[in-house]
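As you go down the protein sequences, you meet chains A and B in turn.
Its first residue numbered 4, the first sequence is counted upward by one per residue in this note's numbering.
Its first residue numbered 10, the second sequence is counted upward by one per residue in this note's numbering.
Where a beta carbon is used, it is the ideal one built from N, C-alpha and C, also for glycine.
Before any comments, here is the structure.
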Amino acid sequence: MMEIVSILIGRLLFILIATCELLQQLWHRLHALARRSYDYWQCDSHHHHELLERAIELQKLPQHLVLVIAPDDRYVDAALLKRIFGYAQIVGIPYLSVYDTRTPKNGYVDLSRFCQTSGNESRCFLWPPSQQSKEQRQQVQLNGCKTVHSNGTTNGNASNGAKHYAQLQVYQIGTADGHALIADVCRELYENRSTPQVQELLKERQALTDGISAMLSKRLGFVVPEPELGIIFSRLTCIYGLLPWHVRFTEFHTHRSGCYFEAKSFAKVLFKYARCEQRWGK
Amino acid sequence: MDGNRRFARSQQIDKIEGHSRGFSKLADVLRWCLDMGIREVTTFAFSIENFKRSNEEVEGLFNLAREKFSKLLEETNRLDEHGIRIRVIGNIELLPADLQRLIATAMLRTENNDKLFLNVAFAYTSRDEITQAVETVMKHYEDDDMPPTDINERLLEACLYTRHSPPPDLVFRTSGETRLSDFMMWQIKSSVLYFTNVLWPQITIWNFMAGIVAYQRDRRHLEAYKRENRLHSAQLDKSSDFYSLRVQRFLHKMDANRRKLLSTTNTKIKGGR
């Protein structure tokens, strides 16, 4: 009898939680619609820039930000990514990676459609594309404005407040860049196991670790620090197989799917990141 | 199990006393897991990065580990009664010899138990674990002249310390930190991550249950992703002959070598006394 009552209570609890979740989701979508409409009509980019410029003054900013998009997310699109790239550019984050786990049918965003390819690597991009960047610089020259470098420092004086920002380096990471890539590196090492270089790596574990790190960086085309901050766009917190070798010390923040993501949200994430203490095991 | 030292600071007690309270809390949490029907628990007790701490603290932690493992060995009857198997995952060769012996003894003594599993990550980092897996393949695979096409993520996964454990469903981290600190980075690709602000020694059953409820709420959103992963894994198994005799023989030899190393650790140090 007690067992049946417990099961019933458990089921009721879940129905209650599911109802709360549904109502919460509805509220978030209505709020997102309202905010988007407000932003569209108010064009309040000045306020957003102010918020983000306060973030520039933080003592601790990530050098490399990674965005993780869940397989069932329906709200992250090219427009949102461009906004986030813009925010990162203003704040002075030089490197950004996008890990989109969706398929093309489910909303996967191909960065090559709005970013400029960088060098020979198909996964490395620059944003904004140089045409847009040139127009920005021309506008700056006409108006005599400040130049903001990628590390957030400025020079010159602004006459009308318009700013020039350095291009952001963006990487598109796929599911094949995680576990499968580590296995590929292992296979390559195995195939070259009789060479003196690999034999040297096998003498000490730390040497092998460093060797694997170097090979992974080379294959990924990553000449950047490991991601320090990650924003997960999902209904739950999960890393979905993101770069198991590289994100061991990444601070993760979950932005619930369906909630509106604006400059304030981005600034909040940065302020939270600035407050966290990394002890590195000590 | 994060937050022992911060708890110690807030209570104005010694750091080691904070760690000791943390261990007592672990015993409580394991009891809650047992009551809830959770069959396998992995706990991150000591990272390789923690060797950077002061000698005093590291030695204090090792003394605590010695005390607790010795106590466990006195209670093996109870462990056998509940069918609890102890596994220590990590690079135990980095630990003092006497602690290695205690760990080896605990693992060997409970190796036949198969109802409940307690995995203790000691002298562990995920990078070291993955490197160890690569090293195992590099050093032992060529003995039987295996083709490189056999080497894929499935094989590497089978060479990890957690070879005989399913991937975790829920990762529960206390003290408000929202990073993974190099813990099971390979295994947690489809785990629900739950971060709570409470410090580990202060965790209550309500905090614990909040984590369980969060997992039960969130797991259905991961079903499709997990199903895809299982399909991908099955395809990999098929394409790389993972279940072929040569690969299974290699894995069996690896298990035998690991067991032999434990036995050697157990008897060598005993014999040396």
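In chain A, what lies closer than 8 Å to residue i by C-beta?
| i | result |
| --- | --- |
| I25/B | Ordered by position in chain A, no residue passes the 8 Å Cβ test against I25/B, which lies about 16 Å from the chain. |
| E65/B | Going along chain A, no residue has its Cβ under 8 Å from E65/B, so there is no contact; the nearest lies around 13 Å. |
| D191/B | R251, F252 |
| S135/B | P247, R251 |
| A233/B | P74, D75 |
| R30/B | The contacting residues do not exist; R30/B stays about 19 Å from chain A at best. |
Taking 7 Å as the limit between beta carbons, can you name the residues of its chain near residue i, skipping five residues before and five after?
| i | result |
| --- | --- |
| S268/A | H258 |
| T274/B | Q109, R110, A113 |
| R163/B | S242, L245, D246, S249, F251 |
| T134/B | S56, I57, E58, D191 |
| N216/B | T205, V207 |
| P65/A | I96, E231, L232, Y276 |
| L83/A | F264 |
| Y90/A | L55, A266, F269 |
| D180/A | L223, L246 |
| R62/B | none |
Quick test of your reading: residue i and residue j, contact by CB under 8 Å. State the CB separation rounded to the nearest angstrom.
| i | j | result |
| --- | --- | --- |
| G220/B | Y234/B | With a Cβ gap of about 20 Å, G220/B and Y234/B do not count as contacting. |
| K262/B | H173/B | Contact flag wrong, Cβ pair sits at about 15 Å. |
| F128/A | A81/A | Not quite, the Cβ-Cβ distance comes to about 13 Å (not below 8 Å), so this is no contact. |
| A130/B | A54/B | 6 Å |
| V71/A | L245/A | 6 Å |
| D178/B | R228/B | 7 Å |
| C189/A | V143/B | 5 Å |
| R38/A | E265/A | 6 Å |
| T253/A | T178/A | At roughly 17 Å, the Cβ-Cβ gap does not stay under 8 Å, so T253/A and T178/A are not in contact. |
| E229/A | H249/A | 5 Å |
| C168/B | V201/B | The Cβ separation is near 26 Å, so there is no contact. |
Which residues of chain B have a Cβ atom closer than 7 Å to the Cβ of residue i, listed in chain order?
| i | result |
| --- | --- |
| A186/A | I160, N161, E162, L165 |
| G244/A | K198 |
| R190/A | P157, I160 |
| E194/A | P157 |
Determine the DSSP secondary structure at residue i, reduced to helix, strand or coil.
| i | result |
| --- | --- |
| V180/B | strand |
| H173/B | coil |
| G233/A | strand |
| R14/A | helix |
| S56/B | strand |
| N158/A | Because the pLDDT at N158/A is just 38, under 50, the model does not fix this residue reliably, and the value given afterwards should be weighed accordingly. Residue state, collapsed to three classes: strand. |
| D103/A | strand |
| A169/A | coil |
| A73/A | coil |
| C279/A | coil |
| R259/A | strand |
| R96/B | strand |
| V50/B | strand |
| T120/A | strand |
| V226/A | coil |
| L271/B | helix |
| H67/A | strand |
| I234/B | Note on identity: in this sequence residue 234/B is Tyr, with Ile being the wrong assignment. Residue state, collapsed to three classes: helix. |
| Q175/A | strand |
| N109/A | helix |
| A195/B | According to the sequence provided, residue 195/B is Trp. The question's Ala does not apply to it. W195/B falls in the coil class under three-state DSSP. |
For residue i, which residues in the same chain have their Cβ closer than 8 Å to its Cβ, ignoring the five residues on either side in sequence?
| i | result |
| --- | --- |
| R75/B | D107, L108, L111 |
| N154/A | Caution applies to N154/A, whose pLDDT of 38 falls short of 50 and renders its modelled position unreliable; the model cannot decide the point. |
| L43/B | H91, L125 |
| D187/A | R222 |
| K63/A | Y276, A277 |
| L184/A | L219, R222, L223 |
I want to verify the contact list: residues of chain A whose CB lies under 7 Å from the CB of residue i, in sequence order.
| i | result |
| --- | --- |
| W195/B | H182, P247 |
| H230/B | D75, R238, L239 |
| D264/B | Result: empty, since nearest Cβ-Cβ is about 19 Å, beyond 7 Å. |
| T140/B | R208, L211, T212, I215 |
| R188/B | F252, T253, E254, F255 |
Which same chain residues end up closer than 6 Å to residue i when comparing Cβ atoms and leaving out the 5 residues on each side of it in sequence?
| i | result |
| --- | --- |
| E232/B | none |
| A35/A | Y263 |
| N122/B | G92, I93, R94 |
| Q28/A | G261 |
| F274/A | none |
What does residue i touch in chain B if you count any residue whose Cβ is under 8 Å from its own?
| i | result |
| --- | --- |
| L205/A | E144, M147, K148 |
Since residue i meets chain A, which of its residues come closer than 9 Å, beta carbon to beta carbon?
| i | result |
| --- | --- |
| V201/B | L239, T240, C241 |
Using only the heavy atoms of the ligand PLP, determine whether one of them is closer than 6 Å to the beta carbon of residue i.
| i | result |
| --- | --- |
| L189/B | As presented, the structure is devoid of all ligands, the ligand PLP included, so that no description of it is given. |
Q) Taking any Cβ of chain B, which residues in the segment 208-220 of chain A have a Cβ under 7 Å from it, in chain order? A) Taking 7 Å as the upper bound on Cβ-Cβ separation, chain B lies near residues R208, L211, T212, I215 of the segment 208-220 of chain A.
Q: Please list the residues of the segment 7-26 of chain A that have a C-beta atom closer than 9 Å to any C-beta atom in chain B, keeping them in chain order.
A: Cβ contacts with chain B: L16, F17, I20, A21, E24.
Q) Can you list, in chain order, the residues of the segment 255-278 of chain A whose Cβ is nearer than 7 Å to any Cβ on chain B? A) F255, H256
(Q) Output needed in chain order: residues of the segment 224-235 of chain A with a Cβ under 8 Å from some Cβ in chain B. (A) none
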